[in-house]
Amino acid sequence: MGRFGKVGAGNHPAGRRGGAGGFSVWTLLVIVVFVVGVALPTLRAIPSLVEYFSVKRAAGYAKQRAANKREVVEFFEKQAAIDRITAVKGEDLLIREDDNGTIQSVDFSYRTEVPVYGPLSLLITYSGTQH
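All residue numbers for the sequence shown refer to full-length UniProt numbering, where the first residue is 1 and numbers rise by one.
Quick look at the structure:
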């Protein structure tokens, strides 16, 4: 035996197998599947999510400012033009009034299709109520 002992023995640095070493093919495959399966659809859905919050904010704004159904539609349309909302129109809103004509709530519901990859897309249904 030489100065280093047997080649490949546990006491030689070249013969040790530890946790360090890099990515395996399976680790790389899991990362790719995660990115394609979770991160990509999430990133593609962000613009529709931003639009949903704009619709929700515009419906709340219209409910606070309006005195009747016609004004709710007008205020919503004005805010929709500012926020570039295309998914919902003022006439699509469900506006509920009490017996005195006071606006109780403004409801909306719509679907949007988010293309993910090729023929694959997500169909997302958004809905909300502003009391």
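Ideal Cβ positions, reconstructed from N, Cα and C, are used throughout, including at glycine. Bear in mind that the values here come from a model prediction, so they are computed numbers and not experimental data.
{"Asked": "Assigned exposure category for Ile46 - 16 Cβ within 10 Å defines buried", "Found": "exposed"}
{"Asked": "Neighbour-count burial assignment, Phe108, 16 or more Cβ in a 10 Å radius", "Found": "buried"}
{"Asked": "Nearest-angstrom Cα separation, counted from Trp26 out to Gly60", "Found": "49 Å"}
{"Asked": "Inside the region 21-98 only - alpha helix (DSSP H) runs reaching at least 4 residues", "Found": "25-34, 40-65, 69-83"}
{"Asked": "Spatial distance of Val35 from Gly118 (CA atoms)", "Found": "16 Å"}
{"Asked": "Cutoff 8 Å; reference Glu91; Cβ partners in own chain excluding five residues on either side", "Found": "Val73"}
{"Asked": "Local conformation of Thr112 per DSSP, three classes", "Found": "strand"}
{"Asked": "Where Val50 falls, given that 16 or more other Cβ within 10 Å makes a residue buried", "Found": "exposed"}
{"Asked": "Any non-hydrogen atom of the ligand FMN within 6 Å of Leu43 CB", "Found": "Absence of the ligand FMN is noted for the structure shown, with no ligands found whatsoever."}
{"Asked": "Beta-carbon proximity list for Tyr52, same chain, < 6 Å, skipping 5 on both sides", "Found": "Tyr126"}
{"Asked": "Beta carbon of Ser54 nearer than 7 Å to that of Asp99", "Found": "no"}
{"Asked": "Nearest to Tyr110 (by Cα), restricted to the options Ser121, Val32, Ser48, Leu28", "Found": "Ser48"}
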